[in-house]
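Residue numbers (our numbering): 165 to 329. Quick reminder that beta carbons are idealized off the backbone N, C-alpha and C, glycines included. Structure record follows, encoded as structure tokens.
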């Protein structure tokens, strides 16, 4: 399983069985995606900051052709310290855990994320995206389904070329 170490800690610290721990972790990842889509940004303690960035319409001229590229949105990630309690609130809302258990869950999750980042260990956040090591650097690649969701307002638009006379 992708998050065995995290799940084992959740089982131990919150007295959960493995199936319940997996279910709660999946719910938290879904909650992170929901907040990102709804608000356009989400901070994740121990990991960083995700943001949906609007990329406006663009024209590219090459030889005797102008290529029109429609607007779109891109999911970006910034590694930065997160001190707010967004993650804990998402955990509490999506899992139904009591405040003190949501706080423990948050600490376990942020520690797991921090350790994965430090060790440059591949990390998949279901529905959000993945972190992988590329040329010695840890890079975020958004989930394709999430990319499609944030761009659904542009789905009817496509790039086209116009010859210049």
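query                                                                                                                                     : result
Closer than 8 angstroms: residue 252 CB and nearest the ligand NAP heavy atom                                                             : The ligand NAP is absent from the structure shown, which contains no ligands of any kind.
Rounded separation between residue 265 and residue 253 - CA only                                                                          : 11 angstroms
Whole-angstrom C-beta distance between residue 291 and residue 304, which should lie under 8 angstroms                                    : Not a contact, Cβ separation roughly 14 angstroms.
Residue 246 vs residue 212 beta-carbon contact at 9 angstroms                                                                             : yes
DSSP three-state assignment for residue 232, whether helix, strand or coil                                                                : strand
N-terminal and C-terminal residue of the alpha helix (DSSP H) that residue 314 is part of                                                 : 308-314
Per DSSP, the bridge partner or partners of residue 325                                                                                   : 231
Continuous alpha helix (DSSP H) assignments of at least 4 residues falling wholly in the stretch 168-213                                  : 168-178, 182-203
Alpha-carbon to alpha-carbon, residue 311 and residue 226                                                                                 : 28 angstroms
For residue 223, three-class secondary structure by DSSP                                                                                  : strand
Proximity to residue 298 [Cα-Cα], best of 186, 285, 309, 308                                                                              : 285
Contact between the stretch 226-235 and the stretch 189-208 (3+ Cβ pairs under 8 angstroms)                                               : no
Three-state class that DSSP yields for residue 303 in the structure shown                                                                 : strand
Beta-carbon contacts of residue 238 that lie in its chain and below 7 angstroms, excluding the five residues immediately before and after : 217, 219
Reduced DSSP secondary structure (H/G/I, E/B, other) of residue 320                                                                       : coil
Integer Cβ distance of residue 255 from residue 177, believed to fall under 8 angstroms                                                   : With 8 angstroms as the limit, residue 255 and residue 177 do not qualify as a contact, their Cβ atoms being about 13 angstroms apart.
Residue 274: first and last residue of the uninterrupted alpha helix (DSSP H) it sits in                                                  : 263-282
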